[in-house]
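Participant: Chains as they are written, first to last, in our numbering: chain H, 3 to 371; chain S, 3 to 371; chain P, 3 to 371; chain R, 3 to 371.
Mind looking over this structure? Questions follow.
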């Protein structure tokens, strides 16, 4: 098995220093799907690097069938950007743009292929789509007007992901239970990852890596379906949210790695070996039912609800404290509740919040996966 | 003439302090269009407050025909948020969301009105549209899931703007020449503002106040046009970019105020009085031709091009310095040029830039307004 | 018992909004020492507010003998200042100055009193010292050159603290075990707070509230001792570090409140009532032995040592991961150890660190309190 | 003439990337004092890099007599740290510590040398002092407890500066006229730099590079003077403030370079050649009279006074606007004045300020240099 490592240039600092990401390539045995896995695109979300560490160890003893590309610490700008003690890694500190909303997808390309190559073979269509996207990315990077910092990074990561049949993007929430973004067409395979909470998402593109990876294929499948042709969605892409940000636990990461292994084995990307994973109840909801809960007022917060556990209507998510009201006769605290049953997935990382701060995200109208 | 002032609550701090904006209402004489003007929604963009100061003085001696609502310092969260010496006022420091991308517009409402009320009078349609939007805003604010901080502010500003026939949003660029966003339908009136550079924008909605104000009316006009009915765009909305951020010059603001006065007089919102404004050449381009220029590399920047002046192809916009290359034999500096003629409108505020930093915005394929 | 509340103005925002702190005053029975307690001067350190909540409840049923002034959420600027999801509450975001290093102390005043009033009564000296400091604070606030933001706050808090005989400043660490800063002269009373880790500090002044409160009295005592006169240190001041920042647990805060109650009872500030507190081992070290441990390299961190537990020489504090080194042959991780026995007190809040980041603070050369 | 360049490692990012500074060494002709010049230690203060660019050109045609070490872009962490559009380069974003307050000086070493080597030759004393400081720096860097990020940088820069007889640290103010920090013993030489405003500073050490460079020599001179021995201050060190931050003008930098050349020629470090510099009036004051002016209230600011020009008592420095007061009857603006004559040196970079923001720094009780 050939394994190569590379330090890929994805930008340049004001001081002239190159900004680089580590890339590890396992050359497969020429069969089975190709896999691309990246971690830490949001700078504070480090746990995925520990997962990649374990995958590397596992792949050394169980060589993958298809090529695998691994990119830990995929966003050096986000990782190295501090503001106070914390990593300001979710958005570009200059522009405010989310690092995971800057990938490329042009639906017109899909429509053009569906129109011009409706009778081509699956392989021809797949090749044309990959080449078309690759050419658009190259054109963007070559523009005399330049491209923005976030895209220097995103487009170079995407070029690697574009060659894969399976794309996994390892994130975390702020303070969070493990959860998974599942494109609806891949719902049957979601359970393999061994993640308790699942959000089923449609074929829309809003700029994220998973969407950039599956949307072209999914929308091509949809466009050809309208013409009466069954065309499979040829790429699987998932975003895994592996717990809380600013937290690294390499032992825990082993279980996360095993879930990925089980999925890769199922897909034929890895040889079978024993993957001991516990049984768990897996819940899901649709994206429209994955709701944010915003603070109804300013205050200081005690987070009460247990993440990942179903919460009955009216049970408290949190208690909001108004310490400015002590002895004034005004209300000193209030419970935050919802009128419907939900499962809290994650909560805000700070105890002090303005009115309108996103305090929780919750599954609503949830069901068993 | 009745003038009232109010301190409108638009949010609450973690400490319990209300977040408020000042609102000044001139009650008009019951004729002429109603006007809404706000300034400083981006926290560092202060010059519009000086303009409102002058408008107040002018309105006292020249009472408006229609009601006027003025909101200076419209975003206290943005204005009061510092990071280092500068105001971090462009986006919410928690979420990274642009403060001027959080207004509300639901195109389905327009489609429903065009379908259900195609034969109603202009006045009935206008009333139904205003009421429909107002109801949606109230529903959002009343959600048991809450609404995000930026929308607590934006929706309350929008409720006031929704009652107006003319909406002006006063901004600035970073380091910038004066420029104006003009909805294409209002192109003939753009010159009245006395602003040299103009960007013609379509009816799309991306979350900004001007779009939130004109898109419903414009899209209703378009929808009814498809049914063969001519329906005027009943609301004018413009974003004025009055020079550079972090810079207040109240004397200069008088000229900006006079341009607005000339426009309001033309619209019948103000009585005629002499408005001495100089002649100027006014350029314009379409939004797709209003281009960002991103730095091709990291480095330190000398900004060379004069803002607002046409620049020939190949003439330098800036010089990028690589002081890490002194005596190394590598290139110590390079000129940044474009292969086509442009007019530089604004440039970045800092001298140190990463690769991909938005260095300039330029008019391209420009023409006389 | 008379209890009054006040909203004390301590500054003004750019938008003109007053910056205020809540002040709760319990009028005592005219005997026993006067007490001043504040919390949350560092914006992310919220737990002390929960303690003040419980003290208020306890004082209502057990009226204090002496006056008590309570100031929760004592730094609105720090509490409301976010950067990303977290509260940037440790230092002024404009100047970088620590909010708890801006109190006032002029040693020359102490030297002057020791010289000019060496034969005055204790009461006369105490009054002269209080009046002298109060006058200096007033003079600062009245300077035509103004005073900096942090001092507008600090000096107004200090004016209240100056009237007290006991000053408690409630803080937290980043991720932290409970610990206490104890002026050496008060060592015997430290155990009453029921805090396991204690740092014994000298009479130096570096700008903090505790120092500003005890240094004048302590240095006066030292100066008079040189002249052969025994003069007691008449003010006790402590900084309590009540666990981790960005974390509010009001139930836990009850135990913290009981420790304070036990101390206040011992000092005669509160009537005796049963205070059920568990036995614990209490460790201490001198300030020079309270050491920071800086990261020897950049990397991502697994924090391994249990806070508050003695750690043998060579036992790992943390593991530093270099995920850029996967499969390169370079070292993928290293343990961080120390050559001597320590007790880890707190650790850094983020998992990604530059070389030289303060990873831990530890007691060294520690002993039983 | 031998010229070498080096990329000196001064730290490591979380991602494992080395943090480096460029170092350019001109080997002199073995006579004349040795010179160390650095620029851009505060990340936003870039103009000094342009000066070093010109010095490099001048030294190529006029080889220095003594060794010269040049360090442009001396603080990569500060230069590359953005927050919003601006460089957050004045203090460490994690700790809040000023990058230019982290150099090393231990006065005990000076006292020891004055005691133990009072009769040694000048050369022996100089060597012992340099070796002593170098050893202390090495010991710090080798501590098993590590050293903080800012010191990883500062101590490595200081090791280079320690070998020089002349140390120049090139800074800028926020919005600023050119000014110079002059140690009092070097007052006669200050005029050579051709800088209009000069601040005379004492031998105290507060952590800055200039102080770290001259304090040991100056305090040694003072200590030996007390013993009756005349010992010259053997090192000259100055901080040059070359205009405004975030602004690079390489043409202007030529004049700044010529002032340095004139000083170096006078000191015998460079051969004589014609240095055409204009006459100017040069003012000075003592450090205690270099006063900050803090905003008396919150508001938005028009900066009125011309930097570098004497201002009579009562003449306005700025106008503070309260746009929240429009039409309320409250004061809409106020002038900021001082009761005494001053020369404004610099002002704050933003137009929106809290009460207590440092608006201006001014020379007071000034005189001709």
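The C-beta atom is built at its ideal place from N, Cα and C for all residues, glycine as well.
These figures come from a predicted structure and were not determined experimentally.
1. Apart from the five residues just before and just after residue 283 of chain P, which ones in its own chain have a Cβ nearer than 8 Å to its Cβ?
2. I'd like to know if the segment 40-48 of chain P and the segment 62-74 of chain P are in contact, where contact means that at least 3 CB-CB pairs between them fall below 8 Å.
3. For residue 236 of chain R, which residues from the same chain have a beta carbon less than 7 Å from its beta carbon, with the 5 sequence-adjacent residues on both sides left out?
4. Given this structure, state the Cα-to-Cα distance separating residue 259 of chain S from residue 54 of chain S, to the nearest angstrom.
5. Just the chain P side, please: which residues come within less than 7 Å of residue 17 of chain S by C-beta, in chain order?
6. Residue 141 of chain P: buried (16+ other C-beta within 10 angstroms of its C-beta) or exposed?
7. Provide the residue(s) that pair with residue 239 of chain R in DSSP beta bridges, ordered along the chain.
8. Beta-carbon within less than 6 Å of residue 300 of chain P's beta-carbon, same chain only, minus the 5 sequence neighbours each way: which residues are those?
9. Following the continuous alpha helix (DSSP H) through residue 255 of chain S, name the residue where it begins and the one where it ends.
10. Do you know offhand how far residue 155 of chain H's Cα is from residue 164 of chain S's?
11. Are there three or more Cβ pairs, one per stretch, closer than 8 Å when the segment 334-347 of chain S is compared with the segment 285-297 of chain R?
12. Got a sec: is the Cβ-Cβ distance from residue 93 of chain P to anything in chain R below 7 Å?
13. Any idea if residue 275 of chain R is buried or exposed, counting beta-carbon neighbours within 10 angstroms, 16 or more meaning buried?
14. Give a yes or no on contact between the segment 240-248 of chain P and the segment 181-199 of chain P, applying the rule of three or more CB pairs nearer than 8 Å.
15. Alpha helix (DSSP H) containing residue 221 of chain S: first to last residue?
16. What are the complete alpha helix (DSSP H) segments, minimum 4 residues, inside the segment 280-325 of chain R?
17. In whole angstroms, what is the alpha-carbon distance linking residue 202 of chain S and residue 147 of chain P?
18. Can you give me the Cβ contacts of residue 89 of chain R inside the same chain, cut-off strictly under 6 Å, excluding the 5 residues immediately before and after it?
19. Rounded to the nearest angstrom, what separates residue 32 of chain S and residue 266 of chain S at their Cα positions?
20. What does residue 299 of chain R reach in chain P if we use C-beta pairs closer than 9 Å?
21. Can you list, in chain order, the residues of the segment 294-325 of chain H whose Cβ is nearer than 8 Å to any Cβ on chain P?
22. Would you tell me roughly how many angstroms separate the C-alpha atoms of residue 308 of chain H and residue 49 of chain P, rounded to the nearest one?
23. So with CB distances below 8 Å, who are the chain H contacts of residue 55 of chain P?
24. Does residue 43 of chain S come out as helix, strand or coil in the three-state DSSP assignment?
25. Which bits of chain S does residue 154 of chain H rub up against, with CB to CB less than 9 Å?
26. In chain P, which residues lie less than 8 Å from residue 352 of chain H when you measure between Cβ atoms?
27. Only counting the same chain, and skipping five residues up and downstream in sequence, which positions put a Cβ closer than 8 Å to that of residue 124 of chain P?
28. Could you give the first and the last residue of the continuous alpha helix (DSSP H) run that contains residue 20 of chain P?
29. Please name the residues in the segment 234-266 of chain H whose beta-carbon is closer than 7 Å to at least one beta-carbon of chain P, in chain order.
30. If we count the other Cβ atoms within 10 Å of its Cβ and call it buried at 16 or more, is residue 279 of chain H buried or exposed?
31. Buried or exposed: which applies to residue 11 of chain P, given that a residue is buried once 16 or more other Cβ atoms fall within 10 Å of its Cβ?
32. Taking all protein chains shown into account, do 16 or more other C-beta atoms lie within 10 angstroms of the C-beta of residue 126 of chain R, making it buried, or fewer, making it exposed?
33. From the beta carbon of residue 204 of chain R, is the nearest beta carbon of chain P less than 7 Å away?
34. If you run the structure through DSSP and keep just helix, strand and coil, what is residue 376 of chain H?
35. Any chance you could list the beta strand (DSSP E) runs of at least 3 consecutive residues sitting entirely within the segment 75-118 of chain S, in chain order?
36. Between the C-alpha atoms of residue 254 of chain H and residue 322 of chain P, what's the straight-line distance to the nearest angstrom?
Facilitator: Per the coordinate set shown:
1. Result list for residue 283 of chain P: 198 and 370, in chain order.
2. yes
3. 128, 167 and 219
4. Residue 259 of chain S and residue 54 of chain S have their C-alpha atoms roughly 7 Å apart.
5. 75, 78, 81 and 82
6. exposed
7. R:169
8. 356 and 357
9. 252-268
10. 41 Å
11. Put simply, the segment 334-347 of chain S does not touch the segment 285-297 of chain R. Fewer than three CB pairs are less than 8 Å apart.
12. Answer yes: the Cβ-Cβ gap between residue 93 of chain P and chain R drops below 7 Å somewhere.
13. exposed
14. yes
15. Counting along the chain, the unbroken alpha helix (DSSP H) around residue 221 of chain S starts and ends at 211-228.
16. none
17. 49 Å
18. 45 and 46
19. 15 Å
20. 14 and 18
21. Against chain P - using a Cβ distance shorter than 8 Å - the residues of the segment 294-325 of chain H are 302, 303, 304, 321, 323 and 325.
22. 20 Å
23. Those within 8 Å of residue 55 of chain P in chain H are 323, 325, 328 and 334.
24. In the structure shown, residue 43 of chain S sits in coil (DSSP, three-state: anything other than H, G, I, E or B).
25. 296, 356, 357 and 358
26. Under a criterion of Cβ atoms nearer than 8 Å, the residues of chain P adjacent to residue 352 of chain H are, in order, 46, 84, 87, 88, 89 and 248.
27. These residues qualify, in order along the chain: 233, 234 and 236.
28. Taken as a continuous stretch (DSSP letters only), residue 20 of chain P belongs to no alpha helix (DSSP H), being part of the beta strand (DSSP E) at 20-28.
29. 248, 249, 250, 251 and 252
30. exposed
31. Residue 11 of chain P should be labelled exposed.
32. So residue 126 of chain R ends up on the exposed side.
33. With a threshold of 7 Å between beta carbons, residue 204 of chain R makes no contact with chain P.
34. Only positions 3 to 371 of chain H appear in the structure, and residue 376 of chain H is not among them; the question remains open.
35. none
36. Spanning the two alpha carbons is a distance of roughly 16 Å.
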